[in-house]
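These notes concern the structure reproduced below.
Residue numbers (our numbering), protein chains in the order written: chain D, 3 to 229; chain G, 402 to 460.
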């Protein structure tokens, strides 16, 4: 099937939005007046990466449902790729969040609701790969992984809403039902970075899907020559 | 915290982000190229064997 937008175009588009977002964050958005001061600049990539990680897990959730309905291995491949990328983005969220935490709160880690639930998300999706590695039969592996992916996703909305429903934590809530809670110039920088990260996720998902398809093709060819 | 102190944290965070994303991009691109080459070689091998089997059957 011919793709509507080629992968290089997506990567270039993502790069343009990410660089623009970064420039605006440092040159256009004001320095935060709260105790966070300059370290708040981390927010402009940290928050979009966090949202993108959760979107990737959401894609895996949808792919899992579609796999269970159709047993089509393409949905399983999409699930694997999305969870892997979600974990990469989650790793970045954790790393940048800890740096920001040290700068803003004076501590690398705090067992407050958002951080704890996000760490749980990471552990759950690491367990997804552990599960896949212990089931040998392909169809059973895909089915178990899909069921696990659906169960693991329960923690994603809990993480997202943790700061809204459990406001006792240290983690700030930037976007609420009442508005964004930040000046327009900050929001523009954040929103452009958000578009860039989303485009990057789409581009990486497409490339990783190509990797998975090529791996299957190699396995088929090896089987056909008895290698 | 001064701007200079904050800037060190900001630089560290963005350095990690860019390093990880660039590394992932480069590694996945290399993986695609390696797998494409593997597919090509394996397809040639399959074709070679089919021609060999056809030739042996014809003799």
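We treat Cβ as the ideally placed atom computed from N, Cα and C, and that holds for glycine.
Identify which residue in the options has its Cα closest to the Cα of residue i.
i: residue 152 of chain D; options: D/59, D/52, D/14, D/33; result: D/59
i: residue 429 of chain G; options: D/223, D/221, D/227, D/208; result: D/208
i: residue 118 of chain D; options: D/16, D/99, D/129, D/76; result: D/99
i: residue 51 of chain D; options: D/199, D/217, D/215; result: D/199
i: residue 115 of chain D; options: D/150, D/146, D/157, D/139; result: D/157
i: residue 23 of chain D; options: D/120, D/161, D/190, D/70; result: D/190
i: residue 210 of chain D; options: D/27, D/76, D/48, D/187; result: D/76
i: residue 193 of chain D; options: D/56, D/31, D/137; result: D/31
i: residue 62 of chain D; options: D/226, D/149, D/224, D/29; result: D/149
i: residue 143 of chain D; options: D/123, D/54, D/70; result: D/70
i: residue 187 of chain D; options: D/55, D/27, D/124, D/223; result: D/27
i: residue 55 of chain D; options: D/224, D/87, D/226, D/201; result: D/87
Helix, strand or coil: how does DSSP classify residue i here?
i: residue 30 of chain D; result: coil
i: residue 53 of chain D; result: helix
i: residue 444 of chain G; result: helix
i: residue 406 of chain G; result: helix
i: residue 157 of chain D; result: helix
i: residue 439 of chain G; result: helix
i: residue 491 of chain G; result: No answer is possible for residue 491 of chain G: the residues shown for chain G start at 402 and end at 460.
i: residue 14 of chain D; result: helix
i: residue 72 of chain D; result: helix
i: residue 67 of chain D; result: helix
i: residue 3 of chain D; result: Because residue 3 of chain D carries a pLDDT of 43, less than 50, the predicted location of this residue cannot be relied on, and no value is offered for it.
Give me the Cα-Cα distance between residue i and residue j, rounded to the nearest whole angstrom.
i: residue 14 of chain D; j: residue 451 of chain G; result: 42 Å
i: residue 25 of chain D; j: residue 45 of chain D; result: 13 Å
i: residue 81 of chain D; j: residue 403 of chain G; result: 44 Å
i: residue 205 of chain D; j: residue 415 of chain G; result: 21 Å
i: residue 89 of chain D; j: residue 203 of chain D; result: 12 Å
i: residue 219 of chain D; j: residue 91 of chain D; result: 28 Å
i: residue 232 of chain D; j: residue 221 of chain D; result: In the structure as shown, chain D begins at 3 and stops at 229. Residue 232 of chain D is therefore absent and cannot be evaluated.
i: residue 4 of chain D; j: residue 10 of chain D; result: With a pLDDT of only 49 at residue 4 of chain D, under 50, the local geometry of the prediction cannot be trusted, and no value is derived from it.
i: residue 437 of chain G; j: residue 83 of chain D; result: 18 Å
i: residue 121 of chain D; j: residue 155 of chain D; result: 13 Å
i: residue 433 of chain G; j: residue 34 of chain D; result: 43 Å
i: residue 460 of chain G; j: residue 442 of chain G; result: Residue placement at residue 460 of chain G is poorly supported in this model, since its pLDDT is 49, which falls under 50; the coordinates still yield a value, given next. Straight-line Cα distance between these residues: approximately 27 Å.
i: residue 140 of chain D; j: residue 68 of chain D; result: 17 Å
i: residue 196 of chain D; j: residue 108 of chain D; result: 27 Å
i: residue 93 of chain D; j: residue 413 of chain G; result: 15 Å
i: residue 420 of chain G; j: residue 217 of chain D; result: 26 Å
i: residue 422 of chain G; j: residue 85 of chain D; result: 16 Å
i: residue 138 of chain D; j: residue 454 of chain G; result: 33 Å
i: residue 165 of chain D; j: residue 159 of chain D; result: 11 Å
i: residue 1 of chain D; j: residue 111 of chain D; result: This structure cannot settle anything about residue 1 of chain D, because the visible part of chain D is limited to 3 through 229.
i: residue 17 of chain D; j: residue 104 of chain D; result: 29 Å
i: residue 101 of chain D; j: residue 126 of chain D; result: 23 Å
i: residue 113 of chain D; j: residue 448 of chain G; result: 60 Å
Please confirm whether residue i has its beta-carbon closer than 7 Å to some beta-carbon of chain D.
i: residue 411 of chain G; result: yes
i: residue 404 of chain G; result: yes
i: residue 418 of chain G; result: yes
i: residue 407 of chain G; result: yes
Taking 7 Å as the CB-CB cut-off, is residue i touching chain G?
i: residue 105 of chain D; result: yes
i: residue 127 of chain D; result: no
i: residue 92 of chain D; result: no
i: residue 1 of chain D; result: Since the first and last residues shown for chain D are 3 and 229, residue 1 of chain D lies out of range.
i: residue 216 of chain D; result: yes
i: residue 200 of chain D; result: no
i: residue 208 of chain D; result: no
i: residue 213 of chain D; result: yes
i: residue 223 of chain D; result: yes
i: residue 220 of chain D; result: yes
Provide the residue span of the alpha helix (DSSP H) that contains residue i, from first to last.
i: residue 214 of chain D; result: 186-226
i: residue 43 of chain D; result: No alpha helix (DSSP H) holds residue 43 of chain D; DSSP gives it neither H nor E.
i: residue 150 of chain D; result: 140-154
i: residue 98 of chain D; result: 75-107
i: residue 135 of chain D; result: 115-136
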